[in-house]
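Participant: Quick note: the sequence shown uses numbering that gives the first Met the number 0, first residue 0, plus one each step.
Cβ coordinates follow ideal geometry from the N, Cα and C atoms, glycine included.
Before I ask anything, here is the structure I am working with.
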Amino acid sequence: MTGPEAFDTAAVARKLRERDARRRQHRLELHRRAAADADAIIGLIRDKYNPRRIYQWGSVLHPDRFDENSDIDIAVDGLKSAEEFFALYGDVMDMTDFALDLVELEKVNPIHRESILKNGRVAYDRGD
């Protein structure tokens with residue numbers, strides 16, 4: 000088929016590749032920002048509260064899976080009290096525009112805790 004009614008499949012394929020590349024780049028930029036925010040949050044928790052360990056898990060550890068619906072997942076182990084956890088949460092809640100899933104490791108469901116320990120990474124270990 001020729002003329003004005005011809006369908007240019009190569010042009011459509013090119014546009015789709017360009018759109019996918021823009022989406023991929025956008026997701027990588029989101030991941031970069033989330034990872035930087037997570038590092039800053041972990042640094043504040045480490046420096047101000049000195050917990051036994053800080054764990055990170057979830058999509059922020061996997062740039063290829065991070066997207067607009069992803070959050071920052073951080074578990075803290077070894078705080079002194081619930082009051083300290085809530086003070087910590089108050090300190091970090093405005094450090095990111097991403098949703099923040101911050102938990103006390105010893106207070107989460109055992110199945111969730113096991114998943115964090117198995118699939119996450121130790122972001123900080125006090126060493127005792």
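1. With three or more C-beta pairs closer than 8 Å as the rule, is the stretch 70-85 touching the stretch 11-28?
2. For the alpha helix (DSSP H) that contains Ala9, what are its first and last residues?
3. What separation, rounded to the nearest whole angstrom, lies between the Cα atoms of Asp127 and Tyr48?
4. Buried or exposed for Ala33, please, with buried defined as at least 16 other CB atoms from any protein chain shown within 10 angstroms of its CB.
5. Have a look at Val91 and Tyr54 and give me their C-alpha separation to the nearest angstrom.
6. What is the C-beta distance between Ile40 and Val59, in whole angstroms, given that I count them as a contact (C-beta under 8 Å)?
7. Helix, strand or coil for Leu78? Go by DSSP, reduced to three states.
8. Helix, strand or coil: which one does DSSP assign to Val107?
9. Since Arg52 and Asp76 are thought to touch, with beta carbons under 8 Å apart, how far apart are those beta carbons, to the nearest angstrom?
10. Trp56 and Ile115 - do their beta-carbons sit closer together than 7 Å?
11. Helix, strand or coil for Asp70? Go by DSSP, reduced to three states.
Facilitator: So, to answer that:
1. no
2. Along the sequence shown, read from residue 1 onward, the residue named residue 9 stands at position 10. Start and end: 8-48.
3. Walking along the sequence shown from the start, residue 127 turns up at place 128. Walking along the sequence shown from the start, residue 48 turns up at place 49. C-alpha separation (whole angstroms): 15 Å.
4. As a working mapping, residue 33 is identified with position 34 in the sequence shown. Result: buried.
5. The residue given as residue 91 occupies position 92 in the sequence shown. The residue given as residue 54 occupies position 55 in the sequence shown. Here the C-alpha atom of Val91 lies approximately 15 Å from the C-alpha atom of Tyr54.
6. Locating residue 40 in the sequence shown gives position 41, where the first residue counts as 1. Locating residue 59 in the sequence shown gives position 60, where the first residue counts as 1. Their Cβ separation, rounded to whole angstroms, is 11 Å, which puts Ile40 and Val59 out of contact at 8 Å.
7. Sequence index remark: in the sequence shown, residue 78 carries index 79 (1-based). Shown here, Leu78 sits in coil according to DSSP, grouped into three states, outside any helix or strand.
8. Indexing the sequence shown from 1 puts residue 107 at position 108. Val107 carries a coil assignment under DSSP once its states are collapsed to helix, strand and coil.
9. As a first step, residue 52 is located in the sequence shown; it is residue number 53 there, counting from the start. As a first step, residue 76 is located in the sequence shown; it is residue number 77 there, counting from the start. Sure, about 4 Å apart at Cβ, within 8 Å.
10. As a first step, residue 115 is located in the sequence shown; it is residue number 116 there, counting from the start. As a first step, residue 56 is located in the sequence shown; it is residue number 57 there, counting from the start. Yes, Cβ-Cβ distance for Ile115 and Trp56 is below 7 Å.
11. Translated into the one-based positions of the sequence shown, residue 70 becomes position 71. Three-state result, Asp70: coil.
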